[in-house]
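Engineer:
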Amino acid sequence: MNSLTPGEETMIGALARQVRDGDWAACGTLSPMPAAALWLAQLTHAPRAQVFVAGSPDWPFEGEWQGFFDLAQAGRLNVFFLSGAQIDGQGNINLMTIGPYEKPKVRLPGGAGSAILAYVVERVVLFKTDHAARGLVAAVDTVTAPGYTPELSTWQRPGRITALVTPKCVFTLSPPTRPQLASLHPGVSLEEVRAATGFAFEAPAGLPETPALSAPARRLLYGPVREKLAQAYPLFAARLS
Numbered sequence: 067m068n069s070l071t072p073g074e075e076t077m078i079g080a081l082a083r084q085v086r087d088g089d090w091a092a093c094g095t096l097s098p099m100p101a102a103a104l105w106l107a108q109l110t111h112a113p114r115a116q117v118f119v120a121g122s123p124d125w126p127f128e129g130e131w132q133g134f135f136d137l138a139q140a141g142r143l144n145v146f147f148l149s150g151a152q153i154d155g156q157g158n159i160n161l162m163t164i165g166p167y168e169k170p171k172v173r174l175p176g177g178a179g180s181a182i183l184a185y186v187v188e189r190v191v192l193f194k195t196d197h198a199a200r201g202l203v204a205a206v207d208t209v210t211a212p213g214y215t216p217e218l219s220t221w222q223r224p225g226r227i228t229a230l231v232t233p234k235c236v237f238t239l240s241p242p243t244r245p246q247l248a249s250l251h252p253g254v255s256l257e258e259v260r261a262a263t264g265f266a267f268e269a270p271a272g273l274p275e276t277p278a279l280s281a282p283a284r285r286l287l288y289g290p291v292r293e294k295l296a297q298a299y300p301l302f303a304a305r306l307s
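Last residue of the sequence shown: 307 in the working numbering, with the numbers rising by one and none dropped.
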């Protein structure tokens with residue numbers, strides 16, 4: 067089992083910093099890195115955050131997802147981590163089909179509750195565990211959850227897409243403007259990110275470096291966070307050895 071790369075460790079730290087102290091924050095299924103980030107945030111800078119990790123023993127909602135979606139639609143969630151097979155620069159995600167919807171090359175599992183959550187969660191943070199142009203595209207093939215809906219008021223859609231985090235960098239998203247490259251992970255160049263990204267983005271002068279995990283945070287990740295991950299994501303936890 068391969069250990070985490072430095073880029074993956076930095077990505078977990080960057081995801082964790084999206085959680086503020088006192089937030090109610092959550093991630094869904096198949097999300098081990100956001101799960102690690104939620105628990106890490108709670109153990110570091112956000113001790114008063116309420117975190118909900120689907121599939122973990124301390125998931126508090128009965129009836130599988132009903133209680134969770136009731137909470138989200140009541141406007142109680144501040145942060146949710148969401149991904150897609152494709153993500154574009156406007157924050158649209160695709161979990162449906164690769165290629166034309168009627169005759170796709172690949173049919174994906176579907177959007178589950180992503181379309182609802184993108185509308186109702188205060189800050190939706192997108193993530194990709196593989197930074198490549200095939201997944202970070204100029205325009206998604208099918209819109210499962212839109213990043214921008216100008217026809218809707220903030221009352222109709224209180225949620226917004228705010229960031230995209232990958233193993234190479236962090237983007238700030240504020241559609242309809244272009245994505246802004248917020249930071250590069252240690253050892254990653256701007257040219258490398260441009261070559262691996264299918265959408266156009268702005269890159270300010272004096273681009274900062276994403277902070278690597280501090281030694282205390284790393285000990286927490288490889289200690290108590292790993293113990294929690296072992297209950298929900300044993301294969302991922304095995305990489306934290």
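Heads up, the beta-carbon is just placed ideally off N, CA and C, and yes, glycines get one too. Remember, predicted model here, so these are calculated numbers, not experimental data.
(1) Express the C-alpha separation of residue 218 and residue 303 in angstroms, rounding to a whole number.
(2) What three-state label does DSSP hand residue 247 in the structure shown?
(3) Given a cut-off of 8 angstroms, decide if residue 247 and residue 237 are closer than it, judged by their beta-carbon atoms.
(4) Can you have a look at residue 158 and say buried or exposed, based on whether 16 or more other CB atoms are within 10 angstroms of its CB?
(5) Which term fits residue 200, buried or exposed, when burial requires 16 or more other beta carbons within 10 angstroms of its beta carbon?
(6) What residues match up with residue 275 in a beta bridge as DSSP calls it?
(7) Taking the alpha-carbon of residue 184 as reference, which of 141, 169 and 207 has the nearest alpha-carbon?
(8) Fully enclosed by the region 161-197, which alpha helix (DSSP H) runs are 4 residues long or longer?
(9) Give the range of the beta strand (DSSP E) segment to which residue 230 is assigned.
(10) So is residue 152 buried or exposed if we call it buried at 16+ other beta carbons inside 10 Å?
(11) Tell me the rounded alpha-carbon separation between residue 123 and residue 295.
(12) Leaving out five residues before and five after residue 306 in sequence, what residues of the same chain have Cβ atoms less than 6 angstroms from its Cβ?
(13) Between 222, 108, 117 and 232, which has its C-alpha nearest residue 198's C-alpha?
(14) Pair every Cβ in the region 124-140 with every Cβ in the region 106-115, then say whether three or more of these pairs are closer than 8 angstroms.
(15) In this structure, does DSSP put residue 203 in helix, strand or coil?
(16) If you draw a straight line from the C-alpha of residue 206 to the C-alpha of residue 166, how long is it?
(17) DSSP puts residue 221 in a beta bridge; with which residues?
(18) When we look at the beta-carbon of residue 84 and count the other beta-carbons within 10 Å, is it buried (16 or more) or exposed?
(19) What does a CB cutoff of less than 8 angstroms around residue 258 pick up in its chain, not counting 5 residues either side in sequence?
(20) Alpha carbons only, please: which of 262, 182 and 164 is nearest the one belonging to residue 175?
(21) State yes or no: is the C-beta of residue 100 within less than 8 angstroms of the C-beta of residue 81?
(22) Among residues of its own chain, excluding the 5 on either side of residue 75, which ones have a beta-carbon nearer than 6 angstroms to its beta-carbon?
(23) Candidates 87, 95, 89 and 86: which alpha carbon is nearest residue 299's?
(24) For residue 136, does the three-state DSSP call read helix, strand or coil?
Structural biologist: Considering the structure as presented:
(1) In a straight line, the C-alpha of residue 303 is about 41 angstroms away from that of residue 218.
(2) In the structure shown, residue 247 sits in a strand (DSSP, three-state: E or B).
(3) Yes; because the gap between Cβ atoms is below 8 angstroms, this pair is in contact.
(4) Residue 158 is buried by the Cβ-count criterion.
(5) Around the C-beta of residue 200, fewer than 16 other C-beta atoms lie within 10 Å, and the residue is accordingly described as exposed.
(6) Answer by DSSP bridge pairing, in chain order: 250.
(7) Per the C-alpha coordinates, the member of 141, 169 and 207 positioned closest to residue 184 is 141.
(8) Under the rule that a run must span 4 or more residues, the alpha helix (DSSP H) segments found entirely inside the region 161-197 read 180-186.
(9) Counting along the chain, the beta strand (DSSP E) containing residue 230 begins and ends at 226-231.
(10) Using a 10 angstroms sphere on the CB of residue 152, the tally of other CB atoms reaches 16 or more, which defines it as buried.
(11) C-alpha separation (whole angstroms): 10 angstroms.
(12) Same-chain partners within the cutoff: 288 and 292.
(13) Minimum Cα-Cα distance from residue 198 among the listed residues 222, 108, 117 and 232 corresponds to 232.
(14) Note that the region 124-140 does not touch the region 106-115; fewer than 3 beta-carbon pairs, one per stretch, sit closer than 8 angstroms.
(15) Correct three-state label for residue 203: strand.
(16) Spanning the two alpha carbons is a distance of roughly 10 angstroms.
(17) Per DSSP, none; premise fails for residue 221.
(18) By the neighbour-count rule (16 or more Cβ atoms within 10 Å), residue 84 is buried.
(19) Cβ neighbours of residue 258 within its own chain (closer than 8 angstroms, five residues either side excluded): 234.
(20) With distances taken between Cα atoms, residue 175 lies closest to 164.
(21) Yes; because the gap between Cβ atoms is below 8 angstroms, this pair is in contact.
(22) Here the set comprises 279.
(23) Closest option to residue 299, Cα to Cα, is 95.
(24) Collapsing the DSSP output to three states places residue 136 in a helix.
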